[in-house]
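What follows is a set of notes on a single structure, which appears directly below.
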Amino acid sequence: MLTRNENGGSGPALPARIKRYRFPEPVWVTRPTMPPLEKYQEHLRSIWETRWLTNNGRLHETFERRLGDYLGVEHVSLFCNGTIALVVALQALRIHEGEVITTPFTFPATAHVLYWNRIRPVFCDIDETTFNLDPARVERLITQDTKAILPVHVFGTPCDTEGLEAVARRHGLALIYDAAHAFGVRCRERAIVASGDLSVLSFHATKLFTSIEGGALVSHTAAQKERIDFLKNFGFADEETVIGPGINGKMNEFQAAFGLLQLDVIEGEIANRRRLTAVYRHELAGTPGIRLQEDLPDVEHNYAYLPVLVDPDAYGMTRDALYDALKSLNIFARKYFYPLCSQFPCYMSLPSADPKNLPVAERVTRRILCLPLYGTLEEEAVRTICAAVRELGAAR
Ligand code: T4K
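Counting in this note's numbering, the sequence shown runs from 69 upward without gaps.
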């Protein structure tokens, strides 16, 4: 039964023994990794001295090079955010009409960039375990209007890149990965962002690796990178030559400075998240109706998110009721990604958006919940969150 909870929100009335798990301060789903303030101040001083604020400054140049080294890829272009990098990725491959097959189980940006490039999104169902596009289902949706496939490595779990590559090759389609969640992920010792024709990263404040706002586009050749770099700067090749209708997608020096410093702390952040993920897995193991993702063989995961699936029958409570109950305990889990992009008013009338075509995505979106995960989260806090999850289910 839904009642008003003690914060005034709607949610289940909580038994007294569960209220003891209430945190005095909000526990957010994520917190950014902050580099040492003094080091950022040093960069600020150099920006003040040089008065070089944006447009391929020294920090931008250094960050771009060091980022490529860290990721193990040769051609990287920095961007102001991941969304504009996706827009430019499509433009770089001259995809501005027809259809692109993508997942509905993602952040709105993935579908919206297609719309902004006048492309019709075709939503394809996902795999039950990875929550990523299923290559066999993708292949069944290909028509003569299909130009590309835009998969997402959702929550940092790698797509079936070999399967998708084979489909793309068989049908002569471009393959652009939305790798917004997949910073640092490696598959059989190879960077996941080296897959496909292009891969896009996001460095938003909520991401594992952040440059406040920011993103990057990984390409395969110097010529591709050059075209991308022109397109992100209004199409300028030089002061008097504009190669095409570009946009302003440049990363500024303040973002680049933040990103550079993140490179020094990212390994520690991933290690902390790996440790906390192990605690979650241990504490929630065997909880009826709660399923966590496992590590995949041959994959170096980045532990960017902690998604759990809530089976309401086995758990005794719906995902929404659990979300509300946790909120009243000051635990701010998030329903990433609910609703599906295919359910947004702007896309729901597309034939591919019919829920009948997307049974797995429809089930996952109603059951998914991302629990708090970030490097500075205390292990004790994770144990408390897990105890609350266990007891909430048992209490029903
Ligand atoms: N493709 C995919 C698959 C994506 O997930 C995203 C972005 C993109 C493309 C586009 O990339 P960008 O253009 O954004 O670079 C957040 C982010 O805004 C978004 O970048 C991200 N995906 C998405 C998954 O999450 P919200 O609306 O959930 O963020 P918000 O503001 O509610 O923040 C969540 C929590 O994070 C807060 O409760 C507290 C914490 N937080 C947040 C901010 C902004 C902080 O502690 N500090 C902060 O500065 O969308």
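A virtual CB, placed ideally from N, CA and C, is assigned to each residue, including glycine. As the structure is a computational prediction, the values presented were derived from the model and not from experiment.
Determine the direct distance from the alpha carbon of residue j to that of residue i, and round the result to whole angstroms.
i: V261; j: A153; result: 14 Å
i: F251; j: H143; result: 15 Å
i: A84; j: K424; result: 42 Å
i: P219; j: R88; result: 42 Å
i: L460; j: Y373; result: 22 Å
i: E308; j: R295; result: 16 Å
i: N482; j: P419; result: This structure leaves residue 482 out entirely; the chain is present only between 69 and 464.
i: C438; j: E335; result: 22 Å
i: F223; j: Y442; result: 14 Å
i: M385; j: S396; result: 15 Å
i: C227; j: V333; result: 26 Å
i: A346; j: R90; result: 23 Å
i: A234; j: Y183; result: 26 Å
i: A248; j: G136; result: 16 Å
i: C409; j: F191; result: 9 Å
i: V432; j: L426; result: 10 Å
i: L127; j: L329; result: 11 Å
i: I436; j: G150; result: 23 Å
i: R99; j: T178; result: 23 Å
i: L390; j: V457; result: 8 Å
i: N75; j: I453; result: In this predicted model, N75 has a pLDDT of only 35, less than 50, meaning its place in the structure is not dependable; the value taken from the coordinates is given anyway. N75 and I453: Cα-Cα distance of roughly 18 Å.
i: S78; j: L394; result: In this prediction, S78 scores a pLDDT of 48, lower than 50, which makes its location untrustworthy; no coordinate-derived value is stated.
i: K215; j: R341; result: 38 Å
i: H221; j: H272; result: 16 Å
i: C148; j: L352; result: 38 Å
i: E430; j: Q361; result: 18 Å
i: P407; j: T122; result: 37 Å
i: R434; j: L377; result: 9 Å
i: S279; j: S270; result: 9 Å
i: R72; j: L82; result: Annotation note: pLDDT 35 at R72 (below 50); position unreliable, coordinate value reported separately. Approximately 10 Å between the Cα atoms of the pair.
i: R133; j: L146; result: 10 Å
i: G354; j: E337; result: 28 Å
i: R238; j: D193; result: 20 Å
i: A291; j: G125; result: 21 Å
i: A339; j: T174; result: 25 Å
Let's see if you can read the secondary structure: which residues bound the beta strand (DSSP E) around residue i?
i: F302; result: Per DSSP, F302 belongs to no beta strand (DSSP E) and is neither H nor E.
i: I453; result: Premise fails: I453 lies in the alpha helix (DSSP H), E447 to A463, not in any beta strand (DSSP E).
i: L67; result: Absent from the structure is residue 67, since the part of the chain shown begins at 69 and ends at 464.
Could you please give the first and the last residue of the uninterrupted alpha helix (DSSP H) stretch that includes residue i?
i: S114; result: L105 to T118
i: A81; result: A81 -> no alpha helix (DSSP H), and no H or E assigned at all.
i: W184; result: P176 to W184
i: R99; result: Premise fails: R99 is in no alpha helix (DSSP H) and is neither H nor E.
i: F131; result: R126 to L139
i: Y391; result: R387 to S396
i: P92; result: Looking at the DSSP string, P92 is not in any alpha helix (DSSP H), and its letter there is neither H nor E.
i: Y415; result: Here Y415 belongs to no alpha helix (DSSP H), and DSSP marks it neither H nor E.
i: P407; result: Per DSSP, P407 belongs to no alpha helix (DSSP H) and is neither H nor E.
i: D381; result: P380 to Y383
Sort the options by Cα distance to residue i and report the nearest one.
i: D366; options: I210, E167, F91 and R258; result: R258
i: E447; options: I244, H111, Y348 and F405; result: Y348
i: A242; options: I217, V206, T289 and F302; result: I217
i: G283; options: K300, Q292 and T289; result: K300
i: G303; options: Y404, F412 and Q159; result: Q159
i: A401; options: I86, D297, P413 and P94; result: P94
i: W120; options: E207, N320, R188 and P104; result: N320
i: L201; options: T170, I86 and I115; result: T170
i: D240; options: D246, V253, R254 and T211; result: As written in the sequence, residue 240 is Gly, which differs from the Asp given in the question. Cα-wise, what sits closest to G240 is T211.
i: G466; options: H288, A382 and G125; result: There is no way to answer for residue 466, as the model of the chain reaches only from 69 to 464.
i: L364; options: K107, C255 and R162; result: C255
i: H369; options: E165, L276, I86 and Q411; result: L276
i: V450; options: V168, M102, V181 and I399; result: I399
i: G166; options: R343, P189 and T101; result: P189
i: H111; options: K293, A204, D388 and F322; result: F322
i: G264; options: E281, D246, V253 and T274; result: D246
i: T197; options: R359, S417, Y415 and F405; result: R359
i: L445; options: L344, D388, F412 and Y383; result: L344
Return the bridge partner residues of residue i from the DSSP annotation.
i: C438; result: P375 and R402
i: A284; result: L146 and L269
i: A259; result: R254
i: T170; result: F191 and L218
i: L201; result: I194
i: E368; result: R254
Looking at residue i and the ligand NAD, is the gap between the Cβ and the nearest heavy atom below 7 Å?
i: E321; result: Judged by which ligands are present, the ligand NAD is missing from the structure shown, whose ligands are the ligand T4K.
At 4 residues or longer, what runs of the alpha helix (DSSP H) sit wholly inside the region 303 to 362?
321 to 352
Sequence ranges, alpha helix (DSSP H) only - wholly within the region 211 to 250, length at least 4:
229 to 239
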